[in-house]
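Numbering (the working numbering), first residue to last: 718 to 1013.
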């Protein structure tokens, strides 16, 4: 009997700035299992645009940990550090549309500008929305600062971007079980004039992820619920850049005994440490299946 294959493409996209923990394993295994069950493709992307924090030894550990779990993916994996030209092209398209501008402000200058305004709105990450200090600089002043060696981040001009789109954005969100789906309204204005290219690396997670998903043909983005709010901004960028919109599924996060989400910054126990303590890949996969069942 000939097996019918779908065109669905899934991806797991860790950053190589630390060791993977069980939360990463949960997301990776969920993507792998979905690709297997749908006859789809499984991709691995190494998100290493932050060349100062990302290290080769952490990248190798990602490969080792995922293989230990019994996961596989199409080769070669995409390494973001090899594709800065793709992200530069995306930024140039946004500049050409007139929806991006350079920002010379430091974090301190932004905080000082809103310090006397306790009710100043904040973005979903808790940072104050950009107060527009550089938004209305003249082209000649921007050029003068750049010629003088001032480094600049790039921000999205949210008002101009939304005017350019001209219609209500949304996305298709699947339920945790995958059985149902609904359209979710996208309201990117909650991010204000967000940074879309850092001054040090000339891109951002937001630009890189929408560019990569499109170039790799990703149809299904399955990631943690901590990235749910980023989808509002991603849908705007996809529309401006004329990129296809994947279907999204934001899964719950694994947490420790205190209720904190597992994260590198909070020093969650790594898969490597668990392996050294004697955890078998079979036991790890079984525990992740339990988590997946609880989430569905």
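Ideal Cβ placement from N, Cα and C applies to all residues, glycine included. Predicted model, so just to flag it, every value in this text is computed and none were measured.
Problem - Rounded separation between residue 824 and residue 750 - CA only - result: To locate residue 824, count along the chain shown from 1; it is residue 107. To locate residue 750, count along the chain shown from 1; it is residue 33. One C-alpha to the other measures close to 42 Å.
Practice task
Going by CA-CA distance only, name the one from 966, 956, 819, 899 that's closest to residue 862.
Solution key: Residue 862 sits at position 145 when you count from the first residue of the chain shown. Between residue 862 and the set 966, 956, 819, 899, the nearest pair of CA atoms involves 819.
Problem - Residue from 765, 963, 811 with nearest C-alpha to residue 797 - result: Position 80 of the chain shown, counted from the first residue, corresponds to residue 797. Residue nearest to residue 797 within the set 765, 963, 811 is 765 (criterion: CA-CA distance).
Handout entry: Beta-carbon proximity of residue 726 to residue 762, cut-off 7 Å
Key = As a working note, residue 726 is residue 9 in the chain shown. As a working note, residue 762 is residue 45 in the chain shown. Residue 726 is not a Cβ neighbour of residue 762, given a cutoff of 7 Å.
Handout entry: Beta-carbon proximity list for residue 720, same chain, < 7 Å, skipping 5 on both sides
Key = Here residue 720 refers to the residue found at position 3 of the chain shown. With a pLDDT of 35 at residue 720, under the threshold of 50, the predicted position of this residue should be treated as unreliable, and no value is reported.
Practice task
Quick one: using the 10 Å Cβ neighbour count with 16 as the cut-off for buried, is residue 748 buried or exposed?
Solution key: The residue given as residue 748 occupies position 31 in the chain shown. By the Cβ neighbour-count rule, residue 748 is buried, with 16 or more other Cβ atoms within 10 Å of its own.
Problem - Contact belief for residue 948 with residue 888 at Cβ below 8 Å, rounded distance in angstroms - result: The count along the chain shown starts at 1 and reaches residue 948 at position 231. The count along the chain shown starts at 1 and reaches residue 888 at position 171. The pair is a contact, with the Cβ atoms about 6 Å apart (cut-off 8 Å).
Practice task
Measuring alpha carbon to alpha carbon, tell me which of 969, 931, 959 ends up nearest residue 945.
Solution key: Counted from its first residue, the chain shown places residue 945 at position 228. From the listed residues 969, 931, 959, the smallest Cα separation to residue 945 is found for 969.
Handout entry: From 746, 795, 986, residue whose alpha carbon lies closest to that of residue 935
Key = Residue mapping note: residue 935 aligns to position 218 of the chain shown, counting from 1. It is 795 whose Cα lies nearest to the Cα of residue 935.
Practice task
Would you tell me roughly how many angstroms separate the C-alpha atoms of residue 716 and residue 848, rounded to the nearest one?
Solution key: Residue 716 is absent from the structure shown; the chain starts at 718 and stops at 1013.
Practice task
Pair every Cβ in the segment 775 to 786 with every Cβ in the segment 924 to 940, then say whether three or more of these pairs are closer than 8 Å.
Solution key: A contact between stretches requires three or more CB pairs, one per stretch, nearer than 8 Å, and the segment 775 to 786 fails this requirement with the segment 924 to 940.
Problem - Those residues which DSSP pairs with residue 889 across a bridge - result: Stepping through the chain shown from its first residue, residue 889 is reached at position 172. DSSP output for residue 889 lists 900 as bridge partner(s).
Handout entry: Residues that residue 760 bridges to, as DSSP identifies them
Key = In the chain shown, residue 760 corresponds to position 43, counting from 1. DSSP lists 728 as the bridge partner or partners of residue 760.
Handout entry: Proximity winner among 990, 874, 844, relative to residue 851 (alpha-carbon distances)
Key = Looking up residue 851 in the chain shown gives position 134. Answer by Cα proximity: 874.
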